[in-house]
Amino acid sequence: MRVSCQDCNKNEATQLHPYPLCARCWSLRFGTVNIGGEDIPFRELHRARLEGLDLWQKKNESTADWGQRCKKFTLTQQERRLL
Ligand SMILES: [Zn+2]
655 MRVSCQDCNK NEATQLHPYP LCARCWSLRF GTVNIGGEDI PFRELHRARL EGLDLWQKKN
715 ESTADWGQRC KKFTLTQQER RLL
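Residue numbers for the sequence shown follow this note's numbering, beginning at 655 and rising by one.
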């Protein structure tokens, strides 16, 4: 039986407690990373990390262009790892 995510109503729920949520919506609501004893919401940490790498989506940048910029960065980083 397929249960839809209560938040996005688009994806299939992968978590049923405390209520039906897909993995993405569960992570946005409850996902945290513990750093130095403090629980920091995953979303805030992820954004700060991407902004620090200048990989957050720029104003007026299309999602496709943003994705290409991130892909290019990843490939560059991979090359560095191999050397
Ligand atoms: Zn969802």
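From the three backbone atoms N, C-alpha and C, an ideal C-beta is built for every residue, glycine too.
Since the model is a prediction, treat every value here as computed from it, not as a measurement.
Would you say residue i and residue j are within 8 Å of each other, going by their C-beta atoms?
i           : j           : result
residue 676 : residue 692 : no
residue 731 : residue 720 : no
residue 686 : residue 672 : no
residue 661 : residue 679 : yes
In angstroms with no decimal places, state the Cα-to-Cα distance between residue i and residue j.
i           : j           : result
residue 658 : residue 682 : 16 Å
residue 717 : residue 726 : 14 Å
residue 674 : residue 664 : 12 Å
residue 669 : residue 656 : 12 Å
residue 724 : residue 698 : 18 Å
residue 701 : residue 728 : 16 Å
Problem set entry | Those runs of the beta strand (DSSP E) which lie wholly inside the stretch 679-734 and span at least 3 residues | Correct list: 686-689 and 692-695.
Problem set entry | Below 5 Å from a heavy atom of ligand 1 - residues by beta-carbon | Those residues whose C-beta sits under 5 Å from the nearest heavy atom of ligand 1 are, from N- to C-terminal order along the chain, 659, 661, 662, 665, 676 and 679.
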